[in-house]
Structure formats: C-alpha cells, structure tokens
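Residue numbers for the sequence shown follow our numbering, beginning at 148 and rising by one. Yeah, the Cβ is synthetic: ideal placement off N, Cα and C, and Gly gets one too.
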Amino acid sequence: MSEIIKDENCLFCKIIEGSIPSTKVYEDDTMLAFRDINPVAPVHILMLPKNHIASANDITDENSSVISHIFVTASKIAKKLGISEDGYRIVNNCGENGGQTVKHLHFHLIGGKKLSIDMG
Ligand code: AMP
Ligand code: ZN
148 MSEIIKDENC LFCKIIEGSI PSTKVYEDDT MLAFRDINPV APVHILMLPK NHIASANDIT
208 DENSSVISHI FVTASKIAKK LGISEDGYRI VNNCGENGGQ TVKHLHFHLI GGKKLSIDMG
C-alpha cells in the first residue's frame, strides 16, 4: 500500500498513526472509524480517510474513491452496531459556517435514538 498522506499538526492524523488513542470500530488500509469523544447520541462514530484531506472542499477526482468506500462501510458499521433498521444520520461539517472543528475530512455516523430534525 502507498504511504499515507499526513499533516503533522492534525489531531485525526495523530489518531490514525496511533499516537493519540481512540476507540476504533473499523479500520482498513484507507479509512478509520472510531467513537466520538463527545457523543451526541448513543451511537456517534467518526469515519475518515487515512490520507489527510482537510475538508469537503478538498475532495478531488484523484482522492474521491475513499468517499464511496466510507459510505459503503458506513452501512456495515451501522449494521454491526445495531442501528441500521431504525436508521441513522451521516453528517459532514465543512468550514467555519458548517461548524467544522477538526480540519481533517470526517463523517459523523449518528444514531441509536430519534434524532432532532433541525438541520440548520
Ligand atoms: P467537527 O465539529 O465536525 O469537526 O467534528 C469533530 C468531532 O471530533 C467532534 O464531534 C469532537 O467531539 C470529536 N473529537 C475531538 N477530539 C476527539 C478525540 N480525541 N477522539 C474522538 N473524537 C474527538
Ligand atoms: Zn489529518
């Protein structure tokens, strides 16, 4: 497998390399999924590419195959964690107005309760 693209100042790159601990629920060569440290619902997982992509603004034709892989894996994680039947939400926050606090592209997988419908 090719070398992972890292940003040395990035919290999630440090979680990917293992220098900061996380509670992993899924890992393969190109993506990682772990439990959010501050969950907003009984199930709150963060799913991210191992390569450092700063935000949704930085998805390109060259790096985008991991995005479909993350979504295929999301449904498998949801099934494994027992929330696929009742449903869940997948969210990406992009940039300042989107509320992105960690500048490494990630998708929140949230479920395990009836979620608020407020999207904005
Ligand atoms: P966002 O606001 O979309 O950028 O989401 C960042 C998420 O990362 C938040 O939900 C935080 O609770 C979560 N988070 C921050 N630090 C950690 C950490 N060390 N381990 C797990 N989740 C974290
Ligand atoms: Zn990163």
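Which of helix, strand or coil DSSP assigns to H199: coil
Using the beta-carbon of each residue, find all residues closer than 6 Å to any heavy atom of ligand 2 and list them in chain order. D154, C157, F159, C160, H199 and H251
For L252, tell me which candidate among S211, D176, P168 and I224 has the shortest Cα-Cα distance. S211
Can you name, in chain order, every residue of its own chain whose Cβ lies under 8 Å from the Cβ of C157, other than the five neighbours on each side? These residues qualify, in order along the chain: H199, V249, K250 and H251.
Ligand 3 and V190: does any heavy atom of the ligand fall closer than 7 Å to the residue's C-beta? With respect to ligand 3, the structure offers nothing, as its ligand set consists of ligand 1 and ligand 2.
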